[in-house]
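Visitor: Let me give you the structure first, and then I'll get to my questions.
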Amino acid sequence: MGEIIKVGMADLKTCVSPDAITTLGLGSCIGIAIVDPVTKIGGLAHIMLPDSTAIRNSQQNIAKFADTGIAELVNQMIKIGAKKERMVAKIAGGAMMFAFKSQSDLTMVGQRNAAASKQKLKELGIPLLAEDTGANYGRTVIFYPETGEFHIRAVGKEETII
Amino acid sequence: MGTNTLEKVTENYYDVLKEIGNIGAGNAMTALSEMLQTKVDMHVPQVRLLEFCDVGSLLGGEEQIMVGVFLGVEGDISGSMMFLVEQKSAKHLVNKIMMGMGSDGEEFTEMELSAMRELGNIITGAYLNSLSTLTNLVIYPTPPELTVDMAGAILSVPAVQFGIFGDKILLIQSRFFDEIEIDGYFILIPDLESYSKILASLGLPVDGLV
Chain A
0 MGEIIKVGMA DLKTCVSPDA ITTLGLGSCI GIAIVDPVTK IGGLAHIMLP DSTAIRNSQQ
60 NIAKFADTGI AELVNQMIKI GAKKERMVAK IAGGAMMFAF KSQSDLTMVG QRNAAASKQK
120 LKELGIPLLA EDTGANYGRT VIFYPETGEF HIRAVGKEET II
Chain B
0 MGTNTLEKVT ENYYDVLKEI GNIGAGNAMT ALSEMLQTKV DMHVPQVRLL EFCDVGSLLG
60 GEEQIMVGVF LGVEGDISGS MMFLVEQKSA KHLVNKIMMG MGSDGEEFTE MELSAMRELG
120 NIITGAYLNS LSTLTNLVIY PTPPELTVDM AGAILSVPAV QFGIFGDKIL LIQSRFFDEI
180 EIDGYFILIP DLESYSKILA SLGLPVDGLV
């Protein structure tokens, strides 16, 4: 068994099998796991917001946004030997933690995060193999580049694997 | 328009926010004490400005199960507010409100959730009331929503709102006791324009703000 590398909120990291990579307590944020199945190089980004271009002062942490975060993760994976054309992805998170009557942009941010993540993956030509997004509960995820399995845990629920 | 970030706001006005937090939390604890009909003691609240990645560790880890009460703030200012308390402490408080008739175990029954929502309503209401008195601004809370989940997931909601203008989150930790020690966390999330309004109404200069 390798180590399990931890990714914080608005953060991203890469890992190589047999190591795995995890992020805890995803709410409206999205965990995007990418792997090159040949080199077994994997990566995980924990993004919070859909779009860096919609933000006024955008010289911020690029791992925070779906568009810049995914692009950066892919670059970092390429740097350590992964090939973009072999990459595949899985995503989880994007919950609506509180059900408000007024469906403002902010309450819908989970959904928008999911949509933006898929859009960016599509743009980069990285196939999305599976997703577990939406609903109203938090998720902890662990990604194993060895098998490509994405384990998802939630409070009071059985662990699922996508 | 100057570049306005949360860091800049808090750099200059940390003490003011701390004082607002102090008075707000004090008022909230008085309300709680009345509701529980017992004496509730509290420490001086701590104002914490945290990087997103450190948020979870403060509350006992991202996977610590907590009860979160979230509501909108309207009127002269706009934004939202959250009150968080660890699950076991919430259970203890709810059991007291229900005069010892709460359920065993860690799960909440429908009635307990309803009691917890009411408790959140009163605590956050008292907090906002003191802010309103202090600033002379009209502030209304919207009805609260409640969830029981992992700390990280609950905190993603205010974090996203802070994330729009910075990489840090400002929260007020208020530690109080009745029979047991309880950590409650208040997070007031005014939008940036409202920050300026709050500060201006307290007679503070708002140069360099929006």
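In the order they appear, the protein sequences are chains A and B. With numbering that gives the first Met the number 0 applied, the first sequence covers 0 to 161. With numbering that gives the first Met the number 0 applied, the second sequence covers 0 to 209. Positions of the beta carbon are idealized from the N, C-alpha and C atoms, including for glycine.
1. Closest Cβ-Cβ distance between K156 (chain A) and chain B: below 8 Å?
2. Going along the chain, which unbroken runs of the beta strand (DSSP E) with 3 or more residues stay wholly within the region 63-106 of chain B?
3. Closer than 8 Å, Cβ to any Cβ of chain B: which residues of the region 27-49 of chain A, in chain order?
4. Is the Cβ of D182 (chain B) closer than 8 Å to any Cβ of chain A?
5. Given this structure, state the Cα-to-Cα distance separating I79 (chain A) from P36 (chain A), to the nearest angstrom.
6. Mind pulling the chain B residues with CB within less than 8 Å of L23 (chain A)?
7. What number of angstroms, rounded off, separates the C-alpha of S173 (chain B) from the C-alpha of V154 (chain A)?
8. By DSSP, does T2 (chain B) sit in helix, in strand, or in coil?
9. Over what stretch of residues does the alpha helix (DSSP H) that includes T134 (chain B) continue unbroken?
10. Against T146 (chain B), what residues of chain A qualify as contacts under a CB-to-CB distance less than 7 Å, listed in chain order?
11. For G162 (chain B), decide whether its Cβ has a neighbour in chain A, counting only Cβ atoms nearer than 8 Å.
12. Closest to I84 (chain B) by CA distance: which of B:R47, B:F185, B:L136 and B:Y194 is it?
13. Tell me which residue opens and which closes the beta strand (DSSP E) that T139 (chain A) is part of.
14. Helix, strand or coil: how does DSSP classify L120 (chain A) here?
15. So, for K63 (chain A): in the same chain, excluding its five sequence neighbours on each side, which residues have a beta-carbon less than 7 Å away from its beta-carbon?
16. Would you kindly work out how many angstroms separate the C-alpha atoms of Y126 (chain B) and A70 (chain A), rounded to a whole number?
17. For a contact meaning CB atoms closer than 8 Å, what does F82 (chain B) contact in chain A?
18. Between S195 (chain B) and chain A, is any beta-carbon pair separated by less than 8 Å?
19. Between F82 (chain B) and G119 (chain B), how many whole angstroms is the CB-CB distance? I'm expecting something under 8 Å.
20. Using the C-alpha atoms, what's the distance from E180 (chain B) back to L92 (chain B)?
21. I'd like the list of long-range same chain contacts for T37 (chain B), defined as Cβ closer than 8 Å, with 5 residues on each side in sequence excluded.
22. So, is I3 (chain A) buried or exposed, given that buried needs 16 or more other C-beta atoms within 10 angstroms?
23. Tell me whether G207 (chain B) sits in a helix, a strand or coil according to DSSP, three-state version.
24. Check the Cβ of Y136 (chain A) against every Cβ in chain B and list those closer than 9 Å, keeping chain order.
25. Below 7 Å CB to CB, which residues in the same chain sit around A115 (chain A) once its five sequence neighbours on both sides are set aside?
26. Using a C-beta to C-beta distance shorter than 8 Å, which residues of chain A count as neighbours of D166 (chain B)?
27. For M107 (chain A), collect the residues of the same chain with a Cβ closer than 8 Å to its Cβ; drop the 5 residues on either side in sequence, then sort them by chain order.
28. Ends of the beta strand (DSSP E) at D131 (chain A)?
29. For M76 (chain A), which of helix, strand or coil comes out of DSSP?
30. Using the C-alpha atoms, what's the distance from K156 (chain A) back to A81 (chain A)?
31. Could you compute how far the alpha carbon of Q118 (chain A) sits from the alpha carbon of A30 (chain B)?
32. What are the partner residues of Q172 (chain B), as DSSP defines its beta bridges?
Guide: This is what the structure gives:
1. At a cut-off of 8 Å between beta carbons, K156 (chain A) makes no contact with chain B.
2. Here the runs fully enclosed are 64-74 and 78-85.
3. Listed by position, the residues of the region 27-49 of chain A near chain B (Cβ gap below 8 Å) are S27, C28, M47 and L48.
4. Judged by the 8 Å Cβ criterion, D182 (chain B) is not in contact with chain A.
5. Taking the straight line joining both Cα atoms gives about 14 Å.
6. By Cβ distance, chain B contributes G55, G60, E61, E62, M149 and G151.
7. Within the model, the alpha-carbon separation for S173 (chain B) versus V154 (chain A) is close to 26 Å.
8. Bear in mind that the predicted position of T2 (chain B) carries a pLDDT of just 48, short of 50, making it too unreliable to give a figure here.
9. In the DSSP annotation of this structure, the continuous segment of the alpha helix (DSSP H) that includes T134 (chain B) starts and ends at E109 to T134.
10. In chain order, M96 and F97 make up the part of chain A whose C-beta sits under 7 Å from the C-beta of T146 (chain B).
11. Residue contact with chain A for G162 (chain B): present (Cβ-Cβ distance below 8 Å to some residue of chain A).
12. Here residue 84 (chain B) turns out to be Val, not Ile, going by the sequence shown. If we check each option's Cα against that of V84 (chain B), B:F185 comes out closest.
13. Taken as a continuous stretch (DSSP letters only), the beta strand (DSSP E) holding T139 (chain A) covers R138 to Y143.
14. If DSSP states are grouped into helix, strand and coil, L120 (chain A) belongs with the helices.
15. Spatial neighbours of K63 (chain A) in its own chain (CB-CB distance under 7 Å, excluding positions within 5 residues in sequence) are listed in chain order as A9, I46, M47 and L48.
16. Rounded to the nearest angstrom, the two C-alpha atoms are 42 Å apart.
17. Listed along chain A is no residue with a C-beta nearer than 8 Å to that of F82 (chain B); the closest approach is about 12 Å.
18. Cβ-Cβ to chain A under 8 Å: no for S195 (chain B).
19. About 5 Å; that satisfies the 8 Å criterion.
20. When rounded, the distance between both Cα atoms is 11 Å.
21. Closer than 8 Å at the Cβ level, and outside the excluded window around T37 (chain B), lie K95 and D177.
22. Under the 10 Å beta carbon count, I3 (chain A) is surrounded by fewer than 16 other beta carbons and is classified as exposed.
23. Residue placement at G207 (chain B) is flagged as unreliable, the pLDDT there being 48, under the threshold of 50; the coordinate-derived value follows with that caveat. Look at G207 (chain B) here: in three-state DSSP terms it is coil, with no helix or strand label.
24. Within 9 Å Cβ-Cβ: T146, D148, M149 and A152.
25. Hits under 7 Å: P49, D50, A65 and D66.
26. Residues of chain A passing the Cβ test: A9, Q59, N60 and K63.
27. So the qualifying residues of the chain are M95.
28. L127 to T132 is the span of the beta strand (DSSP E), which, as asked, contains D131 (chain A).
29. Per DSSP, reduced to three states, the secondary structure at M76 (chain A) is helical.
30. Between A81 (chain A) and K156 (chain A), the C-alpha separation is close to 34 Å.
31. Rounded to whole angstroms, Q118 (chain A) to A30 (chain B) spans 48 Å at the Cα level.
32. Beta-bridge pairing links Q172 (chain B) to B:Q45 and B:Y184.
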